[in-house]
Structure formats: structure tokens, C-alpha cells
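Asker: Going down the list, the protein sequences come from chains Z and R.
According to the numbering used here, the first sequence is numbered sequentially starting from -2.
According to the numbering used here, the second sequence is numbered sequentially starting from 361.
Got a structure for you, written out below as C-alpha cells; questions coming shortly.
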Amino acid sequence: MPQGLTATNDFVVKFANVNGSGSASANGLFAKSILRMGVPIASRNIFPSNIQGLPTWFEVRVSEAGHMGRRGGVDMMVAMNPQTWDRDVAEIEPGGYLFYDSTRPMPKSKFRDDINVIGVPLTEITNNAYSDPRQRQLFKNIVYLGALSALLDMDVEAVKASIAAQFKGKEKLVPANFAALEMGREWAQANLACPIGLRLKAADKVGDRIFIDGNGAAGLGAVYGGATVCAWYPITPSTSLAEAFEKYCTRLRKDPETGAKRYAIVQAEDELASIGMVIGAAWNGARAFTATSGPGVSLMQEFLGLAYFAEIPAVLFDVQRAGPSTGMPTRTQQSDLLSAAYASHGDTKHVMLLPQDPNECFEFGADAFDLADRLQTPIFVMLDLDIGMNDWLCEPFAWDPARKMDRGKVLDEAGLDAAKNFGRYLDVDGDGIPYRTWPGTHPEKGAFFTRGTSRDRYARYTEEGAPYVDNMQRLLKKFHTARSVVPRPVTRMAKEKARDGVIYYGSTSAAMSEALAALEAQGVHLDAMRIRAFPFHDDVAAFVAAHDRVFVVEQNRDAQLRTLLINEESIDPAKLIPVLHYDGTPITARFIQSAVADRASSANVLPFRKATP
Amino acid sequence: MTFLPKPKLHHPKLPTNSVGLTRRDYEGSISTLCAGCGHDSISAAIIQACFNLAIPPHRIAKLSGIGCSSKTPTYFLGAAHGFNSVHGRMPSVLTGAYLANRDLIYLGVSGDGDSASIGFGQFAHSIRRGVNMTYIVENNGVYGLTKGQFSATSDKGSVAKKGAVNTDQPIDLAAIAVQLGATFVARSFSGDKDQLVPLIEAALMHQGAAFIDVLSPCVAFNNHPGSTKSYDYVREHNDALNRLDVMVPRQEIIASYAPGSLTEVVQHDGSILRLRKLHDGHDPTDQASALHALMAGKAAGEIVTGLIYVDPEPGALHESLGTVAAPLNGLGDDDLCPGVAALDKINASLRS
């Protein structure tokens, strides 16, 4: 056996399973047990567009230092899927560990010499213990959890506490799971050298952080943001967002006396109807949203142009997946930026919020409704599959008790009586944002006709050039106003003066913080800016101007944020160096580190200059 | 269209309704449709129906899609908010508006292109959900704004102005509405105001998905010999099932009718729909009977009009959803935001 990797509270374990085999529950227990030991983890599901049979993986990054992105590489592979055996074995770091079901002998050629092989006869153990085929399958997962707990020196009480929490309400199932856990644990302790080089040690590094998926957090954000109408059409990876909204509404939004709902959720017939309902509801004064993914945004294009032009608030959660077309529906990307930013025909621009983790999904999920009302325009909250469908360890949700909904410029009956000159598209305050009224407000005043056709400041139909241009210019002014009300970018300056910078956003953040630390250790110093919204705050262009070169790290092929920077801020393309990861898996710290280090080293060489005469 | 502006002043003795408004108060801006367009007659019928029912105009929201028909909401109820949305998508926008505020009256105006072709799906789903609305299709069998292409309601064999013969089967929106569970389905003719106005009144009062297919000849592109949607053709083939008088609650029945010729449908809110039967064997409260009347009429080459189907106990989407009685758009922070204590509890549940 080669020298085994040794690490405490800092390694990567990957589970290779068959979809539908019940492994998700055991893998989740593994992850939560480590958290229970006070050790931060980041876990990611890599799953197929399939209900049963295709390969699925679960990757757990253990990081006492708190790195929540993917590191890259696998220190221990729990290889439970014969279909993917070869590539799973190939992925293990030299000196790493292969854990497998050794019931049936495997030819030597199926292994590697430079890794440590740990065989546990899982099928034999469960076949001896159980007669029901379903039980054999399900408990096999708990048996490997038990074996891993011994191999990695996990606190068995933490594992048991996680099992007890998982079966809360179904306590009858707990003893059987404990028994299966002990079966695996005892077999490993009796037959293997436990623990191995990778070890877990109780720490106190989790603090008050919470563990939740971004879709759940965004759904809760919509509850706190005052959304009352949700219209949606099922599409991976956004479905669980609408379902989370429903779950939290059922708990938090019913009239305590009558049980009647203070919300309405409609599963529409398609994405066109979803966004149509959102626009109709928002036009009529309700806070409304839809949750979708790239193909849904494609279908909504015509309506989004209407909402932009007729100035109707709408909130869209776009949980991005790998495109184009059906693409890879269960893989992650940040590839809808351009189609969202410029959705619809004609000259249109839309506001986008770019949350980095579930905490910001909650925060931006609530803020989006204030922004939609304030700006009277669609607001995209751009999640991706990695944030949306994986559980992340993040800061707890916070809420200011004094906060009230900002309904924007809406005139009520008294307001209409007081207003001298109501014009739906009249820029009274000079910020490009006009006043609106809701249907049914006043018997005589404030009614207007909402339309996608051109109109003058008083909402009267016109095809004349001057009022059309006047309106389009006001919309630009409004978009400029948006720059100062959307979330500001966050800047992190290098410890030493840096000539180069890096711009990133969304789910890249977690891997980026680890990459920046590693680059710094390598002597590569970069100032970093995390962009949190489009249109870009003035800080963004200033950041680029202050650096020789700026790396723009994204998870798409075409450098979509870079395109927006060039297009909207007139930045010289030569200054913006794309760093792109788009194979459908979440970006890793090692990828960023290597891509940036290669280019930064050449950039750090001072260019040869002729002496000035 | 006319280029003469409407005078703002009107006759001081113009009759007023119970909310003190005259018929003129229900008008909109001047129509820009062709002179003689059936759609203008439907607008006039909507104005008359709303005046008769004494609905405050601002309590109505009028929504439409795209096309000649969808332009008409500008021409009635000027004091009401209107929404001219995108082609074929009025039903979803109306559904959303209704979700936001269940207290307003929703009037959707659409055309045969808007509802039977591009918006066929949205038409169907808004009806099967039971959106509380009056959905009027101004059906002329032709694309008017793009100058004369057949629509999906054109009858097989109908001849276009330029001579082409339609070879596709027509979609009967009224029959489909019955099948989809619309709780009020009627068909009428823009040229028969006596029939149309009470049907619109009844639809507006109906607390569920009410659908009216109104044949509305296109004078520019579909009013020639060979067309089955021309004024002459519809007049000649109009086969009314019944005549409707809308009754409001507690109103005395004054007229007397021959026994057996009168059907009264008492609706959930106590209002009574009184129908003078013109057809034997048609029971307007029975879906199968309604479909039979439509199919038999089609087989006989007749256009069946009148109140085709009504469910006296309609349900609507808000009841299915179990929403609060108050409009959702009026709920405030205290109703909607669960607050800090609830959030702390959620945070605690998300820690291992």
C-alpha cells in the first residue's frame, strides 16, 4: 500500500452511487454528522436528469478553515456504482483512499497501485442480516456510513444524533438504523486499520451558521418580502423554490383564526402563463413572482418586454442550469446572464441580483420585491443549480424588525385627489420613475390603459417619434437610477498593493475565497470585487480603471458578465481576462488558482520599455 | 372610424342608474375600428350591460390580448383600468389580476385568433381553473389587422375575400368551454343587441368562469358571399335556444309566460336567470344537453345562440385555493411578514 494521505478536518470525500438507491439519505447523514462535530463542510449533489438508475455523486468538502467551494480532487472515493467505477477510481488523488463493496472479487486491473484500497463486504453483511430486498438495499447505505465513521474517526454519538434528527416523527425506524450503523462500524473496527490518515476531530468552527439550500432560502425570502402570488411551471433546478415558498407559507402565512391563505400559488400550464400571471398580479398591486430556469426565461421573453416597456414590477428567480437548449438540466452554470439582462425584442435591459449563497438568496429574495416596486420593472434573482439545490453552510438569516415593504410610487385615492396632474408615465421626480395606480382605486381619477404599444406620458397611444424617444430615454434614466439602489459590489483588497484584480459573482464566491488564499500563499496578490447586481454600480468601472488587468471568473463559455462589462461600461476588452469554467460541475478553487496563476505570472512581469528620450 | 370628437357635455335629462351615472359615463374613447365593425356593437352592449347593472366603472378591470377585438377595451369604460397585453395571453394576465384582488370584476376581451390559435392553451386553462371572469370572444373568423387570413374558428368551406376556401375544421370555443368546465357559456351575435346585453349582464354577475362567444362580422375582410361569418349568413342561420332576462335578487316577476316555456335558474347569490325557451329538449343546466344542442345545431347548419350552459352553483379559483376573503393586494406588513421571532426559529431548525 502506498503512503496514505493524512489530513485532519481538511479533505474531500466523494460518494459514487446509483440514482434511486436510497444513498442520498445516508450521504446526508454523513454530512450532517460532521457539522454536528463542529467541523464546517460543503456538500454537493451531482445528479442525473433521471429518477432511477443513472449515476449520481455526492461530494463532501471537509474544511475546518471554512472553505465552502469545491476544492477539486478527491481524497476518498466511496465507490458504490459499478457503472462509473473506472472514472471514479481515476479521480482519486495519489495516496488517496478507495472504499468499495468487496463482496464480489474484482480483478487487480480494476485498481490502482498508488491508492489505498479499503474493501468492506457490504452486500454480504446486509444479505446475512436482512431478508427483504428493499431493506438490504437501504441498510447497505447505513452500513457503509457505520464503516466510514470508524475509518474517519467520527464521533459516533454525532452520527446517532443525526439519525435521530432525521427520523424525528418516525422514531420506530431509529433502532434499526442504529443497528445497521453498528454493523458497519464493528466490521470495520474488527477487520480494518481504523482510523485511516483522513480524520475528523471535533472542533467549534460551525458557530451559529445554518445549513440550507438556496432555493429554500429564496422561497423563504419571498415570504418575508411580502410575495402573495406565485405562478410557476415545474423545471429543474428551480422547482424546489416554489415548493419551499409553499411549505413556508403553509406554516407562516395562514390566517390564525380561519386557516385561510394569505397567498395564492398557481402551477401554470407553461412558463408563458406563469409570467403572465405574475405580471397581471403585480399590475393589480400584489407582490408576485415566478421561479424558473433558462428554458423558461427563453419562453418568457415577449412578456418580459411588455413588463419592461409598460413598467410592471415582477420578480423572477432564475435558477440557472447548463444550456443551451435542454443542455444539461441537472448541471450548474451561470449562462443566463445575457438572456436575462437583455430579455425580449427591442431595446430592453433588466435588473439582475447575483446572490453568492443561501443567505443572500434569502436577503435578495426579499429585497427583489422592494426593488421591483421601487423601479416598476422585472427583477431577476440569478441563482444557479449549485446554490439552489445544494445545502450550504452560511450565515443565519437576519431581518430588521423595523423594516416595512417599500411599495414604491403608488398613488392611492387620497394621493390621486391631491395630485394635480396624474400621468402614468410622467417623470415627476427626475429619477425616471413615474407614479402608478392600481385598478379600482378611484371612481374618476387615475385610470389608464396599460399597453405594450408606444404611448405618451399620459398613457395615450401614439406612434409619433418624439414621445416614443422621450419615453425610451426616461426608461434609460430609470435604469441609471437602478445602479444606486441595487446591492453594491463587495471589494476585498489584497494584503499587498496589487496591479491586477479579479471580478467574480454568484456561486463562484466560495471557491474564489479559497483560491485567493492559495494564490496569496503563492505570492500572487489580487484585489477582488464580487459583483452583486446589474446594472453595475459606479464602483465597478472604478475598480477596473484602478487595475492593469482584471480577471473575470465565470461559469459559462462566452464570458457573459465580461460582455456586460464591456457593453455597459465601455471597458477596453483587452483589460478583462476571462477565466471560464463551464463543464456543468461547480467551479473549483484549484481551477481558479491554476488559471489565474498561469496568466498572472506573465502579467506580473514588467513590460520592456524604451527609455524616454 | 370617425374623426369627430365626442362632445363632453350631454343631455341633462339623460337617464341615470342607481349609482347616479348615465350611459355616457360608461363610454370610452372613440373607436378606431372600421365603420360597421361588429366589435363596436359589442362595445355598445358592454356599455349598456354595465350601465344597467349600475356597476361603478372603476370596479371593473378590462383586459385583452392583441388584435382588432383586443383594441376595443379602449372604447368602453374609460374610468376603468385597462390592460392590452400580448397576443393570446390575456387569460394569464387576467388570472394574475384576479389573484391579486378578488373584489374587482374582470372582463376579458379577446378574438378568435387571440383565443382559438395563439392563445388556445391559455383560454383553456383559465377556464378550467375557474377564474371568476367574463371572457368575451369577438369572433369574426378572420385575422383583420393583418388583412384577411383565416382564423381557427373559420368554418370548413368558408370562402375568403380573395377566394381561398378554408379546408380546416373550425374550433367551437363555446363547446370547448363547456367541456372544460366553464360554469357559464353563451353564444350571441353582435347584431342582436336584445339577446347580447342580457347575456353580458348575466355573465358579469356570474361568480365563476363565464364565457361568451359573440359572432361579430368583419366588414372589411369577412362580410362577403361565401363567408359563414358575414352579417347575412349569421342572420339567416341564427338559431336561438332561448331568450334571457337577468333578474337581480328580490325583483318581482312581472311578465307572464305560457306554462312550460319558462326556465328559471336561481343562482348561488339569489339572482334569478329567467329564460324563455325557444328550443325543446335543451336544459341549460346540463352539460350533456348543452353539448348536444351545439352538435345538433352544427349538423343542421345552424348557429346555436343563447345561454348554452349555466351552473347555478359555480366555484371560482379563490375558493379552490382557500385564500383569505380580503384582496391579497391589500394585505400589509403585519399580515405578510412572519417577523424576527419566526425567523430565529427557522434558523435554529437549520442548525445541526
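Every residue gets a Cβ at the ideal spot worked out from N, C-alpha and C, and that includes glycine.
Within the stretch 150 to 237 of chain Z, note down every full beta strand (DSSP E) run reaching 3 residues or more, in order along the chain.
Answerer: Listed in chain order, they are 207 to 210, 226 to 229.
Asker: Which residue wins for smallest C-alpha separation from residue 54(Z), given the options 586(Z), 387(Z), 482(Z), 512(Z)?
Answerer: For this step, residue 54(Z) is matched to residue 57 along the first sequence. When only C-alpha atoms are compared, the closest one is 387(Z).
Asker: State the CB to CB distance for the pair residue 325(Z) and residue 349(Z), rounded to an integer number of angstroms; the pair is presumed to be in contact (CB under 8 angstroms).
Answerer: Taking the first residue of the first sequence as 1, we reach residue 325(Z) at position 328. Taking the first residue of the first sequence as 1, we reach residue 349(Z) at position 352. Taking a contact as a CB-CB distance under 8 angstroms, the pair residue 325(Z) and residue 349(Z) does not count as one, their CB atoms being some 22 angstroms apart.
Asker: Starting from residue 578(R), trace the alpha helix (DSSP H) both ways and give me its first and last residue.
Answerer: If you number the second sequence from 1, residue 578(R) lands on position 218. No alpha helix (DSSP H) holds residue 578(R); DSSP gives it neither H nor E.
Asker: With distances taken from CA atoms, which of 426(R), 539(R), 560(R), 408(R) is nearest residue 506(R)?
Answerer: As a working mapping, residue 506(R) is identified with position 146 in the second sequence. That would be 426(R), whose Cα lies nearest to the Cα of residue 506(R).
Asker: Go ahead and pull the three-state DSSP assignment for residue 615(R).
Answerer: Translated into the one-based positions of the second sequence, residue 615(R) becomes position 255. In this prediction, residue 615(R) scores a pLDDT of 47, lower than 50, which makes its location untrustworthy; the coordinate-derived value is nonetheless stated afterwards. In the three-state DSSP reduction, residue 615(R) falls in the coil class, being neither helix nor strand.
Asker: With DSSP run on the structure shown, which of helix, strand or coil describes residue 355(Z)?
Answerer: The residue you call residue 355(Z) lines up with position 358 of the first sequence. Residue state, collapsed to three classes: helix.
Asker: Since residue 103(Z) sits in a beta bridge, which residues does DSSP pair it with?
Answerer: The residue labelled residue 103(Z) in the question sits at position 106 within the first sequence. Answer by DSSP bridge pairing: none, since residue 103(Z) is not bridged.
Asker: Leaving out the 5 sequence neighbours to the left and right, which residues in its chain are closer than 7 angstroms to residue 179(Z) when beta-carbon positions are compared?
Answerer: Within the first sequence, residue 179(Z) is the residue found at index 182, counting from 1. Excluding positions up to five away in sequence, the list reads 143.
Asker: Buried or exposed: which applies to residue 111(Z), given that a residue is buried once 16 or more other Cβ atoms fall within 10 Å of its Cβ?
Answerer: Counting from one through the first sequence, the residue named residue 111(Z) turns up at place 114. By the 10 Å Cβ count, residue 111(Z) comes out exposed.
Asker: Entirely within the stretch 470 to 521 of chain R and at least 3 residues each: give me those beta strand (DSSP E) ranges in chain order.
Answerer: 493 to 499
Asker: Kindly identify the DSSP beta-bridge partner or partners of residue 700(R).
Answerer: Walking along the second sequence from the start, residue 700(R) turns up at place 340. DSSP output for residue 700(R) lists no bridge partner at all.
Asker: Would residue 35(Z) pass as a contact of residue 203(Z) if the rule is Cβ separation under 7 angstroms?
Answerer: Position 38 of the first sequence, counted from the first residue, corresponds to residue 35(Z). Position 206 of the first sequence, counted from the first residue, corresponds to residue 203(Z). Closer than 7 angstroms, so yes.
Asker: Suppose the cutoff is 6 angstroms on Cβ atoms and the five residues either side in sequence are ignored; what does the same chain contact list for residue 678(R) look like?
Answerer: Start at 1 with the first residue of the second sequence, and residue 678(R) comes out as number 318. The answer, listed in chain order, is 462.
Asker: Enumerated in chain order, which unbroken segments of the alpha helix (DSSP H) with a length of 4 residues or greater are wholly contained in the stretch 405 to 462 of chain R?
Answerer: 428 to 431, 450 to 460
Asker: With a cut-off of 7 angstroms, does the C-beta of residue 377(R) fall near any C-beta of chain Z?
Answerer: Within the second sequence, the letter at position 17 stands for residue 377(R). No, because no Cβ of chain Z sits closer than 7 angstroms to the Cβ of residue 377(R).
Asker: Using a Cβ cut-off of 9 angstroms, which residues of the stretch 450 to 473 of chain R contact any Cβ in chain Z, in chain order?
Answerer: 450, 451, 452, 453, 454, 455, 456, 457, 458, 459, 460, 461, 463, 464
Asker: To the nearest angstrom, how far is it from the Cα of residue 710(R) to the Cα of residue 316(Z)?
Answerer: To locate residue 710(R), count along the second sequence from 1; it is residue 350. To locate residue 316(Z), count along the first sequence from 1; it is residue 319. Cα to Cα, residue 710(R) sits roughly 22 angstroms from residue 316(Z).
Asker: Which complete alpha helix (DSSP H) runs does the stretch 451 to 510 of chain Z hold, if anything under 4 residues is left out?
Answerer: 462 to 482
Asker: Can you check whether the C-beta of residue 276(Z) is within less than 7 angstroms of a C-beta belonging to chain R?
Answerer: As a working note, residue 276(Z) is residue 279 in the first sequence. Answer yes: the Cβ-Cβ gap between residue 276(Z) and chain R drops below 7 angstroms somewhere.
Asker: Tell me whether the stretch 472 to 488 of chain R and the stretch 547 to 555 of chain R touch, counting them as touching only if at least three CB pairs, one residue from each stretch, are closer than 8 angstroms.
Answerer: no
Asker: Give, in chain order, every residue of the stretch 397 to 427 of chain R whose Cβ lies closer than 7 angstroms to some Cβ of chain Z.
Answerer: 416, 418, 419, 421
Asker: Look at the alpha carbon of residue 384(R) and the alpha carbon of residue 540(R), and state the distance between them as a whole number of angstroms.
Answerer: Here residue 384(R) is taken as the residue at index 24 of the second sequence, counted from 1. Here residue 540(R) is taken as the residue at index 180 of the second sequence, counted from 1. Spanning the two alpha carbons is a distance of roughly 37 angstroms.
Asker: So the beta strand (DSSP E) residue 10(Z) belongs to, where does it begin and stop?
Answerer: Position 13 of the first sequence, counted from the start, is the residue given in the question as residue 10(Z). Element bounds for residue 10(Z): 7 to 15.
Asker: Apart from the five residues on each side of it in sequence, which residues of its chain come closer than 8 angstroms, Cβ to Cβ, to residue 459(Z)?
Answerer: What you label residue 459(Z) is simply residue 462 of the first sequence in a count that begins at 1. Within the same chain, residue 459(Z) has close Cβ partners 451, 452, 453, 465.
Asker: What residue range does the beta strand (DSSP E) around residue 624(R) cover?
Answerer: For the purposes of this step, residue 624(R) is taken as residue 264 along the second sequence, with counting starting at 1. Element bounds for residue 624(R): 622 to 626.
Asker: Nearest-angstrom Cα distance between residue 175(Z) and residue 389(Z)?
Answerer: Position 178 of the first sequence holds residue 175(Z). Position 392 of the first sequence holds residue 389(Z). Near 27 angstroms, if we compare the C-alpha coordinates of residue 389(Z) and residue 175(Z).
Asker: Looking at chain Z, is there any beta carbon in it that lies within less than 7 angstroms of the beta carbon of residue 394(R)?
Answerer: Here residue 394(R) refers to the residue found at position 34 of the second sequence. Not an interface residue.
Asker: Rounded to a whole number of angstroms, what is the C-alpha to C-alpha distance between residue 472(Z) and residue 371(Z)?
Answerer: One-based indexing of the first sequence puts residue 472(Z) at position 475. One-based indexing of the first sequence puts residue 371(Z) at position 374. Roughly 14 angstroms separates the two Cα atoms.
Asker: Work out the CA separation of residue 407(R) and residue 467(R) for me, nearest whole Å.
Answerer: Working through the second sequence from its first residue, we reach residue 467(R) at position 107. Working through the second sequence from its first residue, we reach residue 407(R) at position 47. Cα to Cα, residue 467(R) sits roughly 12 angstroms from residue 407(R).
Asker: Considering only the alpha carbon of each residue, which of 467(Z), 211(Z), 5(Z), 516(Z) lies closest to residue 192(Z)?
Answerer: As a first step, residue 192(Z) must be located in the first sequence, where it is residue number 195. Nearest of 467(Z), 211(Z), 5(Z), 516(Z) to residue 192(Z), Cα basis: 5(Z).
Asker: Work out the CA separation of residue 16(Z) and residue 9(Z) for me, nearest whole Å.
Answerer: One-based indexing of the first sequence puts residue 9(Z) at position 12. One-based indexing of the first sequence puts residue 16(Z) at position 19. Each residue's alpha carbon lies about 21 angstroms from the other.
Asker: Our contact map puts residue 225(Z) next to residue 261(Z) with C-beta atoms below 8 angstroms; I'd like the distance itself, whole angstroms only.
Answerer: Residue 225(Z) sits at position 228 when you count from the first residue of the first sequence. Residue 261(Z) sits at position 264 when you count from the first residue of the first sequence. Yes, residue 225(Z) and residue 261(Z) are in contact; Cβ-Cβ is about 7 angstroms, under 8 angstroms.
Asker: According to a CB-to-CB cut-off of less than 9 angstroms, which residues of the stretch 675 to 689 of chain R neighbour chain Z?
Answerer: 677, 678, 681, 682, 683, 684, 685, 686, 687, 688, 689
Asker: Consider the Cβ of residue 482(R): report whether some Cβ of chain Z lies at a distance smaller than 7 angstroms.
Answerer: For the purposes of this step, residue 482(R) is taken as residue 122 along the second sequence, with counting starting at 1. Chain Z contact via Cβ: present.
Asker: Less than 6 angstroms between C-beta atoms, sequence neighbours within five positions excluded: which residues of the same chain meet that for residue 607(Z)?
Answerer: Start at 1 with the first residue of the first sequence, and residue 607(Z) comes out as number 610. Because the pLDDT at residue 607(Z) is just 48, under 50, the model does not fix this residue reliably, and the value given afterwards should be weighed accordingly. Nothing listed; no residue qualifies.
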